[in-house]
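Student: Encoded as structure tokens, here's the structure I'll be asking about.
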Amino acid sequence: MDTLETKRLEMFRRVRELGPEHAAQFPADSYGGGLFVSLDTVIKGLEEHALRQSTGQSTVREGTSSKAAVRDELWRRLEAISRTARVIAFTSPGLEDKFRLPRGIGDEALLQLARTFASDAAPLKDEFIRRGLAATFIEDLNEEAEAFEAAITRKAQGRSAHVSASAEIDDLIERGMRTVRELDALFRNTFADDPATLAAWQSASHVERRVPRHAKAKSPADSAPPSSQ
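Numbering (the working numbering), first residue to last: 92 to 320.
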């Protein structure tokens, strides 16, 4: 959640606390009581999706780091195979083209290339091993390719969770702001002759915004309930 969304969640919590304080005026089965129930639902939803959003962000960061490390190792193994293939090509012309390693390729292309190298190297396994590659170099390459694919998937899942949670947060913030505006009208009408309660309401429903240094003095409109925009 960004700063404004966090401040709005904090405001929703402050407003929610006014429900029990004014249960006599807004019992559970009243319109006002229903608004407080709706606000509580919004708050719980925001807390849930904020956690999902944060978890998604962490997964993306971890996935990015993990994917980079696995990609480097995969590339190192492919370079060894390509380098060795150029030597084998002295007696098998054209082999170097089959194991050519293009630069600047994307993740999916690299993954496919690794699988192709593993498949093409299988009939020549003994030739590669004779020239110093490990006896399990094909199996090792396949394992590294699987690890790379898993890292790509984890990062994508984290990004998807983050995007989904962010969309839910946007919707819940909008619903919460509508509920607060409904409660604003209710409080102003119900407690029109009770300045202390109105002051408490205005304090609870206020969302502090950062004001630029060059901004002019606040206008009367600044004391109005926060909008959803």
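We treat Cβ as the ideally placed atom computed from N, Cα and C, and that holds for glycine.
Alpha carbon to alpha carbon, how far is Leu77 from Arg105?
Tutor: Outside the shown range of the chain, which is 92 to 320, sits residue 77, and nothing can be said about it.
Student: Kindly give me the distance between the Cβ atoms of Phe103 and Gly110, rounded to whole angstroms, as I take these residues to be in contact under 8 Å.
Tutor: Not quite, the Cβ-Cβ distance comes to about 11 Å (not below 8 Å), so this is no contact.
Student: Give, in chain order, every unbroken run of the alpha helix (DSSP H) that is at least 4 residues long and sits entirely within the region 198-257.
Tutor: 198-212, 216-221
Student: Rank Val178, Asp211, Leu165 by C-alpha distance to the C-alpha of Glu199 and give the top, closest one.
Tutor: Leu165
Student: Measure the alpha-carbon distance for Pro193 versus Ser210 and round it to whole angstroms.
Tutor: Pairing Pro193 with Ser210, the inter-Cα distance amounts to about 18 Å.
Student: Report buried or exposed for Ile172, applying the criterion of at least 16 other Cβ atoms within 10 angstroms of its Cβ.
Tutor: Buried, because 16 or more other Cβ atoms sit within 10 Å of the Cβ of Ile172.
Student: Short of 7 Å in beta carbon distance, which residues of its chain neighbour Val298, apart from the five on each side in sequence? Order them along the chain.
Tutor: Lys98, Arg99, Met102, Pro317
Student: Quick one: complete alpha helix (DSSP H) runs, 4+ long, within the region 143-204?
Tutor: 186-189
Student: Measure the CB-CB distance between Ile179 and Arg222 and report whether it falls below 8 Å.
Tutor: In this structure, Ile179 places its C-beta atom within 8 Å of the C-beta atom of Arg222.
Student: Could you say if the region 248-266 and the region 226-233 meet the contact criterion of at least three C-beta pairs nearer than 8 Å?
Tutor: no
Student: Quick one, are the C-beta atoms of Phe239 and Val161 less than 8 Å apart?
Tutor: Contact annotation: Phe239 and Val161 have beta-carbon atoms nearer than 8 Å.
Student: Quick check on the burial criterion: 16 or more other C-beta atoms within 10 angstroms. Buried or exposed for Gln144?
Tutor: buried
Student: For His253, I'd like the list of residues in its chain whose CB is within less than 7 Å of its CB, leaving aside the five on either flank, ordered along the chain.
Tutor: Gln144, Gly147, Gln148, Val151
Student: Which term fits Leu142, buried or exposed, when burial requires 16 or more other beta carbons within 10 angstroms of its beta carbon?
Tutor: Classification of Leu142: exposed, given that the 10 Å Cβ count is below 16.
Student: Return the Cβ separation of His140 and Ile260 in integer angstroms, given the expectation that the two are a contact with Cβ distance under 8 Å.
Tutor: 5 Å
Student: With Glu108 and Ile264 assumed to form a contact (beta carbons below 8 Å), what rounded beta-carbon distance in angstroms separates them?
Tutor: Their Cβ separation, rounded to whole angstroms, is 19 Å, which puts Glu108 and Ile264 out of contact at 8 Å.
Student: Take Gln203 as the anchor and find which of Glu237, Phe219, Asn280 has the nearest alpha-carbon.
Tutor: Per the C-alpha coordinates, the member of Glu237, Phe219, Asn280 positioned closest to Gln203 is Glu237.
Student: Measure the beta-carbon distance from Phe219 to Phe208 and round it to whole angstroms, keeping in mind my assumption that it falls under 8 Å.
Tutor: Phe219 to Phe208, Cβ: 10 Å. No contact.
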